[in-house]
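**Student:** Protein chains in written order, with our numbering: chain B, 25 to 497; chain Y, 19 to 332; chain L, 6 to 288.
1. Nearest to residue 126 of chain L by CA position, among L:99, L:263, L:28, L:204, is which residue?
2. Looking only at C-alpha atoms, which of B:299, B:234, B:149 sits nearest to residue 262 of chain B?
3. For chain L, find out if any of its Cβ atoms is closer than 8 Å to the Cβ of residue 277 of chain B; answer yes or no.
4. Less than 8 Å between the beta carbons of residue 284 of chain B and residue 237 of chain B, yes or no?
5. Which value, in whole angstroms, describes the spacing of the CA atoms of residue 218 of chain L and residue 69 of chain L?
6. Going by CA-CA distance only, name the one from B:461, B:453, B:460 that's closest to residue 482 of chain B.
7. Count the other CB atoms within 10 Å of the CB of residue 30 of chain Y; is the residue buried (16 or more) or exposed (fewer)?
8. How would you call residue 379 of chain B, buried or exposed, if buried means at least 16 neighbouring beta carbons within 10 angstroms?
9. Using a Cβ distance threshold of 8 Å, determine whether the segment 158-165 of chain B contacts the segment 348-365 of chain B, with at least three qualifying pairs required.
10. Closer than 7 Å by C-beta to residue 155 of chain L: which residues in its own chain qualify, once you throw out the five before and the five after it? Chain order, please.
11. Since residue 272 of chain L meets chain B, which of its residues come closer than 7 Å, beta carbon to beta carbon?
12. With a threshold of 16 other CB atoms inside 10 Å of the CB of residue 114 of chain L, please say whether the residue is buried or exposed.
13. What whole-angstrom Cβ distance do residue 103 of chain Y and residue 47 of chain Y have, given they're in contact under 8 Å?
14. Classify residue 475 of chain B as helix, strand or coil using the three-state DSSP reduction.
15. Which one of B:476, B:209, B:269, B:428 has the shortest CA to CA distance from residue 54 of chain B?
16. Taking only the alpha-carbon atoms, compute the straight-line gap between residue 35 of chain B and residue 97 of chain B and give it to the nearest angstrom.
17. Could you confirm whether any beta carbon from chain Y is found closer than 8 Å to the beta carbon of residue 292 of chain B?
18. So, residue 428 of chain B versus residue 389 of chain B, is the Cβ gap smaller than 8 Å?
19. Could you spell out the range, first to last residue, of the beta strand (DSSP E) harbouring residue 80 of chain L?
20. Is there a Cβ from chain B that is less than 8 Å from the Cβ of residue 146 of chain Y?
21. Taking residue 234 of chain Y as part of the alpha helix (DSSP H), name the residues at either end of that continuous run.
22. Considering only heavy atoms of the ligand FAD, does any lie closer than 7 Å to the CB of residue 110 of chain B?
23. Which of helix, strand or coil does DSSP assign to residue 330 of chain B?
24. In the DSSP output, what is residue 7 of chain L paired with across the bridge?
25. Rounded to the nearest angstrom, what separates residue 118 of chain Y and residue 32 of chain L at their Cα positions?
26. Starting from the N-terminal side, write out each stretch of the alpha helix (DSSP H) that is 4 residues or longer and does not extend beyond the segment 53-95 of chain Y.
27. Please go through the same chain and pick out, in chain order, the residues whose beta-carbon is closer than 6 Å to the beta-carbon of residue 515 of chain B, but skip the five residues on each side of it.
28. Can the beta-carbon of residue 218 of chain B be found closer than 8 Å to that of residue 465 of chain B?
29. Less than 7 Å between C-beta atoms, sequence neighbours within five positions excluded: which residues of the same chain meet that for residue 311 of chain B?
30. Taking Cβ-Cβ distances shorter than 7 Å, what residues in chain Y pair up with residue 296 of chain B?
31. Any beta-carbon of chain B closer than 8 Å to the one on residue 20 of chain Y?
32. Can you tell me whether residue 241 of chain B is buried or exposed, with buried defined as 16 or more other CB within 10 angstroms of its CB?
33. List, in chain order, every chain L residue whose beta-carbon is nearer than 8 Å to that of residue 320 of chain B.
34. Check whether the Cβ atoms of residue 439 of chain B and residue 480 of chain B sit closer than 8 Å, and answer yes or no.
35. Distance cutoff 8 Å, beta carbons only. Does residue 329 of chain Y sit that close to anything in chain B?
36. Is DSSP giving residue 279 of chain Y helix, strand or coil here?
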């Protein structure tokens with residue numbers, strides 16, 4: 025749909041196959057005509073049996089859908105990955121330093137490098153976090169960085185997810201499925217493993233246990249429950265790393281410590297990987313009507329008796345309006361230039377930029393500052409006149425509520441569709457763990473827009489996933 | 019283990035066992051109704067079967083007439099009937115989904131596959147020969163889940179809670195089947211049963227999958243006294259009350275050993291078992307079969323209550 | 006001045022809750038205007054309480070009871086020695102960055118009519134302290150405080166219940182006149198909102214007010230605004246003065262909500278006040 029054809033990760037413009045994809049291309053050619061169709065059916069059966077489903081917002085409670093899995097892997101060369109992972113590591117270090125600063129001395133605001141109002145008046149800023157010292161000074165331990173590619177060497181960071189990024193279970197299950205479906209490919213290519221993610225997650229969580237914790241800290245995964253769209257992932261991760269999956273009702277606070285209710289009585293919990301949003305984790309401190317949280321949890325956290333992963337208030341660092349300042353943030357704290365560029369972003373509160381945006385809205389992508397999951401978003405080239413008019417009105421009414429970016433020609437990857445193999449747009453979410461060290465799982469989750477020409481890869485909007493292979497040298 | 023996990027495992031097994039028992043009970047009522055010689059007898063059998071399962075009041079709320087179509091729909095597919103096979107399987111799967119981390123993948127997969135298969139059935143298509151076929155399928159899926167459980171699960175507290183759930187449910191069911199037809203089992207002056215009696219006895223045994231094994235144990239024709247003895251006091255019969263109570267007692271003993279404490283639930287299980295071990299059929303008949311079964315069901319419920327107090331179900 | 010305080014509150018816990026948890030903000034700290042000579046809070050479960058400093062530098066306790074029954078009674082007792090420093094609190098060791106207190110909250114929205122005429126003065130970098138006094142005067146006029154001595158002081162005593170309910174409820178004893186209803190929480194929010202609208206950091210303060218000839222003892226509320234030179238300075242809009250040695254400072258926060266003296270889960274509603282005495286004691 026965009027004017028210039030998108031960069032295809034497998035084929036050059038002249039039709040020749042790019043180097044990382046040579047083995048895959050050969051393998052695809054060897055497959056008998058019906059083989060891929062049968063494999064796709066097998067894959068579906070595997071996922072359905074495993075019970076990997078997600079609930080769709082707005083649909084009936086308990087409605088479960090399978091996120092479509094595409095069996096053609098997305099391949100990243102060792103060199104490309106090196107470049108990406110360096111840029112990602114730089115970014116997560118800087119963002120954690122930023123979080124520590126805004127919740128302590130606020131040097132970056134005093135220096136005027138990031139507007140004070142943007143932070144202190146932001147609803148994602150959590151005043152209750154002021155002065156709190158999380159274990160090892162880390163705020164966001166589990167991060168998913170959304171990256172898009174538009175050319176052989178052009179990667180952009182689209183979004184940082186520092187609150188509770190989801191999808192890592194799909195990364196692991198996609199790999200599991202590929203190992204079952206095409207074991208011979210793994211013999212021909214050296215693919216970097218992703219299987220140690222749960223072990224690394226556990227190590228990361230253990231490394232940020234409070235000082236008072238016993239030598240093997242007790243870890244709990246706090247879930248909103250089975251009706252949450254990511255429940256499968258919560259239970260999967262708890263299982264894989266040998267932690268207890270808890271709901272709010274399973275935990276209680278006594279004497280400033282957190283306990284779980286077991287068949288043997290109370291047992292203290294040291295680290296909580298919480299998959300409940302900030303507002304809901306503790307009705308005593310945050311939303312009093314929350315039924316999901318644990319009353320007193322935040323005070324126990326402040327008392328240093330438990331570690332919350334991620335810390336509350338990390339949303340201020342992945343706020344869409346703060347996003348535009350990330351290159352500035354990297355420079356301020358690390359004294360380095362950002363290795364991975366941001367997508368150029370228009371600021372609608374600036375009258376000149378707003379005028380440009382309103383004039384070119386048909387070419388641009390408009391995102392609500394606090395929206396997520398592909399909701400509250402306008403993709404200009406794919407929009408109707410009514411949608412464009414609607415967003416024009418919205419931007420004029422609340423310019424600070426939107427950020428606007430050019431429509432990027434997201435790279436495409438060969439994808440198995442009804443008509444055979446065809447290019448579809450993809451993005452990439454690598455997963456980063458920050459604890460005693462920064463651990464980045466090679467690859468991550470590739471999301472693919474299954475509709476021809478579509479640029480929206482969100483699973484809630486008909487996107488699928490692919491296994492992502494980082495080749496080892 | 020979380021108290022809630024223990025509770026979920028306990029009920030997961032109960033729901034599966036109950037789904038199987040609902041299929042068994044319905045099968046009895048269904049066969050009785052097919053072979054009933056009297057006009058209107060068909061409905062009567064189905065009604066007494068539902069009364070035994072304590073679901074008849076619920077049935078009456080929505081149905082005027084008990085016939086095979088309405089009762090089979092109610093017992094197999096009705097979402098509003100909390101004991102229907104569908105409700106049991108859905109509840110079991112919901113519990114399983116909640117406790118994925120406490121189940122083995124074999125257990126989860128057998129249950130998930132069963133639910134998906136069941137959910138795909140169009141209730142209207144289940145007529146004629148398809149009905150017994152479906153009942154058989156429900157029993158099979160319960161066997162399959164039990165097999166997956168026995169073959170793969172760690173013999174820890176989770177196993178114990180799960181087993182406790184199964185045997186409490188099974189004891190409850192056997193007691194109800196007996197209670198449904200207790201009057202045809204009462205000793206009478208006429209020691210040789212008539213055709214109708216024999217037919218009813220057969221069905222009681224069938225409901226417990228015991229009609230063939232009976233011969234191996236008693237080497238005799240069907241007799242009321244034997245049948246009651248078989249389903250209540252024979253320790254080798256896996257659906258008998260004494261078998262269930264013994265198993266429950268051992269299970270709770272193992273739980274006490276795992277936790278290093280003596281729970282109140284153990285005493286409740288011992289009280290349940292004592293009812294059977296200290297009795298024989300003569301004394302039970304003298305006490306009153308119906309009264310005995312009522313007391314048994316109450317004591318069995320007491321085990322569930324004490325379990326949930328002792329192990330923090332909430 | 007030595008001030009002796011006794012304050013008792015109770016909540017109906019009822020039966021059937023496995024747990025009750027409270028966050029208690031009723032502990033004054035030493036500072037330039039006061040020295041805490043003795044302080045105690047009695048409450049079931051206090052012996053196991055976690056003691057923490059919250060985001061605003063307050064001393065808080067997290068208290069919990071297992072299977073609570075009947076009434077939950079909080080008894081506060083203590084003696085604090087105060088000094089009149091014309092409201093100047095300065096800088097306290099645990100204060101967060103002053104800029105934080107420019108954040109507006111739903112409870113601290115400002116009325117344009119109040120702050121707008123002062124905007125020029127604020128912008129020109131004139132004398133901030135004088136500006137703040139003018140602002141306090143405007144708030145007093147807007148809420149009809151000081152026109153009549155009785156009216157000025159009586160509402161202060163009502164603050165007890167008021168601030169406990171997080172400023173959400175309206176005082177019921179005020180006549181529904183032309184002026185907006187005045188109670189310490191409302192006027193303090195108005196003052197803070199106006200400061201923030203003028204980009205001056207301002208915070209909400211709860212504390213005790215000793216009884217005097219001019220008025221009864223109260224669990225009271227006032228504001229502090231920030232001056233780059235002097236640091237934090239108190240403004241008691243309800244009394245139209247800067248806090249004196251009759252004021253015992255207890256907790257600070259963004260608004261009444263973040264200073265709620267006792268927050269409870271399950272929500273036990275507004276506490277019953279059983280007794281409050283705040284008296285100057287002879288030296």
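Cβ atoms here follow ideal geometry from the backbone N, Cα and C, with glycine treated the same way.
**Tutor:** According to the structure shown:
1. L:204
2. B:299
3. yes
4. Going by C-beta atoms, residue 284 of chain B is not nearer than 8 Å to residue 237 of chain B.
5. 40 Å
6. B:453
7. buried
8. The residue in question, residue 379 of chain B, is exposed, as its Cβ has fewer than 16 Cβ neighbours within 10 Å.
9. no
10. The predicted model places residue 155 of chain L with a pLDDT of 46, which falls under 50 and marks its position as unreliable; any figure quoted below should be read in that light. Once the five neighbours on either side are set aside, residue 155 of chain L has no close Cβ partner at all.
11. 312
12. exposed
13. Residue 103 of chain Y to residue 47 of chain Y, Cβ: 14 Å. No contact.
14. coil
15. B:209
16. 14 Å
17. no
18. Yes, they are a contact pair.
19. 76-87 is the extent of the beta strand (DSSP E) around residue 80 of chain L.
20. no
21. 231-236
22. In the structure shown, the ligand FAD is absent, as is every other ligand, since no ligand is present at all.
23. coil
24. Answer by DSSP bridge pairing, in chain order: L:86, L:286.
25. 46 Å
26. 59-70, 74-80, 86-90
27. What is shown of chain B runs 25 to 497, which leaves residue 515 of chain B out entirely.
28. yes
29. 303, 304
30. The contacting residues do not exist; residue 296 of chain B stays about 14 Å from chain Y at best.
31. yes
32. buried
33. 26, 28, 67, 69, 270
34. no
35. yes
36. In this structure, residue 279 of chain Y counts as coil in the three-state DSSP scheme.
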